[in-house]
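Below is one structure, written out as structure tokens, with a few remarks after it.
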Amino acid sequence: MLTPFALAAVIGAVLLYPFGQHSAPEAKPGFTRNPVDGAVVAARTASCTTGGTSGQGAGGAGSCVLLRVELHSGPASGRTIEQRVPDEPTTPEFGVGDEIVLSYSGDSPRESTSYRIVDYQRSGWLLVLVGLFAASVIALGRRKGAASLLALTLTLTMLLGFMLPTILSGADPLLVAVVAAGLIMFCVLYATHGVSARTSTAVLGTLASLSLIGLLSAGFAALTRLTGLDESTSSLISALGHDIDARGLLLAGVVIGALGVLDDVTVTQTSAVWELHHANPRMRWRELYSAALRIGRDHVASSVNTLVLAYAGTALPLLLTYKLSGQSFGDIATTQDVAQEIVRTLVGSLGLIAAVPLTTAIAATVVLSENGSRRVDDSATHSEEQRAATSGVLDVVHRAAAAGSTRAVLGAARSRRGSRSRH
Numbered sequence: 001m002l003t004p005f006a007l008a009a010v011i012g013a014v015l016l017y018p019f020g021q022h023s024a025p026e027a028k029p030g031f032t033r034n035p036v037d038g039a040v041v042a043a044r045t046a047s048c049t050t051g052g053t054s055g056q057g058a059g060g061a062g063s064c065v066l067l068r069v070e071l072h073s074g075p076a077s078g079r080t081i082e083q084r085v086p087d088e089p090t091t092p093e094f095g096v097g098d099e100i101v102l103s104y105s106g107d108s109p110r111e112s113t114s115y116r117i118v119d120y121q122r123s124g125w126l127l128v129l130v131g132l133f134a135a136s137v138i139a140l141g142r143r144k145g146a147a148s149l150l151a152l153t154l155t156l157t158m159l160l161g162f163m164l165p166t167i168l169s170g171a172d173p174l175l176v177a178v179v180a181a182g183l184i185m186f187c188v189l190y191a192t193h194g195v196s197a198r199t200s201t202a203v204l205g206t207l208a209s210l211s212l213i214g215l216l217s218a219g220f221a222a223l224t225r226l227t228g229l230d231e232s233t234s235s236l237i238s239a240l241g242h243d244i245d246a247r248g249l250l251l252a253g254v255v256i257g258a259l260g261v262l263d264d265v266t267v268t269q270t271s272a273v274w275e276l277h278h279a280n281p282r283m284r285w286r287e288l289y290s291a292a293l294r295i296g297r298d299h300v301a302s303s304v305n306t307l308v309l310a311y312a313g314t315a316l317p318l319l320l321t322y323k324l325s326g327q328s329f330g331d332i333a334t335t336q337d338v339a340q341e342i343v344r345t346l347v348g349s350l351g352l353i354a355a356v357p358l359t360t361a362i363a364a365t366v367v368l369s370e371n372g373s374r375r376v377d378d379s380a381t382h383s384e385e386q387r388a389a390t391s392g393v394l395d396v397v398h399r400a401a402a403a404g405s406t407r408a409v410l411g412a413a414r415s416r417r418g419s420r421s422r423h
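Start counting the sequence shown at 1; every next residue gets the next number (our numbering).
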């Protein structure tokens, strides 16, 4: 059952990937930068009346922070430049020793006006966090943990190496997301849990639930007239220079976002069915299904709440902004930005709810079918052993009977010789 879907995912990836094409259009102003690393060596309060690339600019008034930055990379590496940043509540605080990233533009690498402070350097501590995460996963999961890290690497490869460049090349975002989800589903689940009937059951349950999510998200996005044109998507379209299906991009996000939670639910349900059957092999299909479904209800209840909190946490600044507008909850919920999060959350939750009975039913059928074939093999082996044991017993009986008859004949002969001697 799974082979056609696996082949379809591979063939779809080959057909959609932009071989020999640039995955991104020509660079647009504001979307590209030449990053330069630097470190703050001095900081003091100064006026914003002199020239600078940040703050209120030349001729302006107000309070700024004057930073002296030593460049560690770029065409003027080793040189110290000055940067002025406005002293405002929304401006990040910079101090001596801070490692920062600057954006370089222009043809004068020695001029301060060619640089602009854009961010902090975070690569060092992020690598420490990644190392701590990987060590924790391997320490607890051991071989399974290492397999899960391999699966995570495969997922990032699919997203960064296939999905993003293919969408940027102009392909349908929803179709690309479906193909990418199929590749991720097959690669990740089999890499993490091994090739077995149990893993295939989880894959089949994930595939069925993901198909339902795709249909529901497409239907309700059309019914609620979601365009997907939020601020970031509009900026992306203007930078690309060609049309892109904004609603398809929204639906692609729904599919990819739901896949991770679906993997968790389907694998858990499949494992629950297998363990219940292992604990009591005499359970019938209905008993096994009901017992596993009770476990799934608790899992779904917590997973749905997790989905809602995850989306609420992501959209928290947006929700606070709408709250300050004085609008009612109904007005806020029906706006484009909030409504698409509501559709995303509820459609994903419906997929999770459907995944539990679907996966449980498939798993119960598969595990009992596996057990039935094993019972047939075991009964055949047992019959052979019984026949071997029976034939062995019969041989012993025959040998004993033969030995007994021989002893009886010899005993009778001895008794006859004894009677003759007495006479």
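Backbone N, C-alpha and C fix where the C-beta goes; we use that ideal spot for every residue, glycine too. On a predicted model such as this, the values are computed, not experimentally measured, just so you know.
Shortest Cα-Cα distance from residue 262 to any of 21, 202, 281, 232 involves 202. Residue ranges of uninterrupted alpha helix (DSSP H) with 4 or more members, entirely inside the region 121-194 and ordered along the chain, are 123-141, 143-158, 164-168, 173-193.
Residue 34 is bridged by DSSP to 104. Per DSSP, reduced to three states, the secondary structure at residue 47 is strand. The beta carbon of residue 267 is closer than 6 Å to those of 202 in its chain, skipping five residues each way along the sequence. Secondary structure of residue 76 (DSSP, three-state): coil. Around the CB of residue 329, fewer than 16 other CB atoms lie within 10 Å, so the residue is classed as exposed. For residue 86, the pairing in a beta bridge is given by DSSP as 64. Three or more Cβ pairs drawn from the region 179-187 and the region 6-23 lie within less than 8 Å of each other, which places the two stretches in contact. The residue among 140, 249, 48, 130 with its C-alpha nearest the C-alpha of residue 153 is 130. Taking the C-beta atoms as reference points, residue 344 is found no nearer than 8 Å to residue 219. Straight-line spacing of the CA atoms in residue 337 and residue 122 works out to 30 Å. Taking the C-beta atoms as reference points, residue 340 is found no nearer than 8 Å to residue 194.
Using a Cβ-Cβ distance cut-off of 8 Å, the region 234-251 and the region 211-226 are in contact, since at least three pairs of beta carbons, one from each stretch, lie closer than that value. Judged by their CB atoms, residue 251 and residue 159 are not nearer to each other than the 8 Å cut-off. Residue 279 and residue 142 have their alpha carbons spaced roughly 25 Å apart. Less than 8 Å divides the Cβ of residue 364 from the Cβ of residue 292. Pairing residue 196 with residue 358, the inter-Cα distance amounts to about 19 Å. For residue 315, there is no enclosing alpha helix (DSSP H), as DSSP marks it with neither H nor E. Taking each of 334, 74, 206 in turn and checking the Cα distance to residue 361, the smallest one comes out for 206.
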